[in-house]
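Participant:
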Amino acid sequence: MWTGSECEWMFNVHDLLSRYSSLQIAREVKTSPQTVCDWRNFLRELCSEIESTYPKIGGNGHIVEIDETNVHTRKYGRGKEKSDDWILGGVDRESGKVFVCQVPNRTALTLVPLLQANIDRDSIVYSDKWASYSQLKKYFTSHFTVKHKTQFVNLVGTRLVCTNGIEGLWSRLKKPFKQGNGTSEALIGSYLSEFVVRENEKDGFFKAIIEQLKTKACKN
């Protein structure tokens, strides 16, 4: 079991890793940047385990906004050389739950199975008019689109179709990439897992981390 002092220590570690860069933390606590990176990667490993337990988002009557975006990452072992990586994501308007995942391309062959794996089939899906989404009515209750080049909102009967929720998600996702030199391409999967858990757990993020640590301790 975790004692009060151990939990307080973990909270302090989590707080530092959430707010500051590895170099800033290393200077503050007088340790090596590599040690800080190891801790950060361990916490992200826990997040990957938590993320794997999440059910599909959406459900009967739920609107799920979907979209893709790209982020700049550092090529492994190549210093400041950058790479563009595509990310697919969705936001459940009703529950606020999200999913995001890295994708090799934006073809229907790639995107549709991932959407089916992450979104309940009874959901109502909102997206832009990207060609890969053209057949989504076959897989979900309904599918509505908005053409971003000419409109922010598409009025379909009495339904206002927009994807402001997923656009806001992308803004939060990209913030750390814009603040520094990006995340290593090799670590982007674990970064996305941490992002998903933070979005889904919100103020309960630290509690979720502690519970996952307890689960690991019991298994060991």
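Letter by letter, the sequence shown follows residues 979 to 1198 in our numbering.
For every residue, glycine included, the Cβ atom is placed at its ideal position computed from N, Cα and C.
Within the continuous alpha helix (DSSP H) that includes Q1094, where are the two ends?
Facilitator: Numbered from its first residue, the sequence shown carries residue 1094 at position 116. 1086-1096 is the span of the alpha helix (DSSP H), which, as asked, contains Q1094.
Participant: Since F1020 is in the alpha helix (DSSP H), which residue starts that stretch and which ends it?
Facilitator: Residue 1020 sits at position 42 when you count from the first residue of the sequence shown. It spans 1011-1029 - the alpha helix (DSSP H) in which F1020 sits, taken as one unbroken run.
Participant: In chain order, what residues of the same chain have a beta carbon less than 8 Å from the beta carbon of K1185, not counting five sequence neighbours either side?
Facilitator: Residue numbering aside, residue 1185 sits at position 207 when the sequence shown is read from its first letter. Answer for K1185: E1179, listed in chain order.
Participant: From which residue to which residue does the alpha helix (DSSP H) around L1191 run?
Facilitator: For the purposes of this step, residue 1191 is taken as the residue at position 213 of the sequence shown. Start and end: 1183-1197.
Participant: Taking Q1080 as the reference, which of D1045, A1195, E1023, T1128 has the closest Cα?
Facilitator: Residue numbering aside, residue 1080 sits at position 102 when the sequence shown is read from its first letter. Out of D1045, A1195, E1023, T1128, D1045 has the C-alpha closest to the C-alpha of Q1080.
Participant: So what's F1118 in DSSP terms, helix, strand or just coil?
Facilitator: As a position in the sequence shown, residue 1118 is number 140, starting the count at 1. F1118: coil per DSSP, three-state reduction.
Participant: Can at least three beta-carbon pairs, one atom from the stretch 1092-1102 and one from the stretch 1026-1041, be found at a separation below 8 Å?
Facilitator: Because the criterion of three Cβ pairs below 8 Å is met, the stretch 1092-1102 and the stretch 1026-1041 touch.
Participant: What residue does the alpha helix (DSSP H) around I1102 start on, and which one ends it?
Facilitator: In the sequence shown, residue 1102 corresponds to position 124, counting from 1. No alpha helix (DSSP H) contains I1102, which is instead part of the beta strand (DSSP E) from 1102-1106.
Participant: Count the other CB atoms within 10 Å of the CB of G1182; is the residue buried (16 or more) or exposed (fewer)?
Facilitator: Looking up residue 1182 in the sequence shown gives position 204. It counts as exposed.
Participant: Going by DSSP, what residue range makes up the alpha helix (DSSP H) through L1170?
Facilitator: Translated into the one-based positions of the sequence shown, residue 1170 becomes position 192. Segment 1166-1179, the alpha helix (DSSP H) holding L1170.
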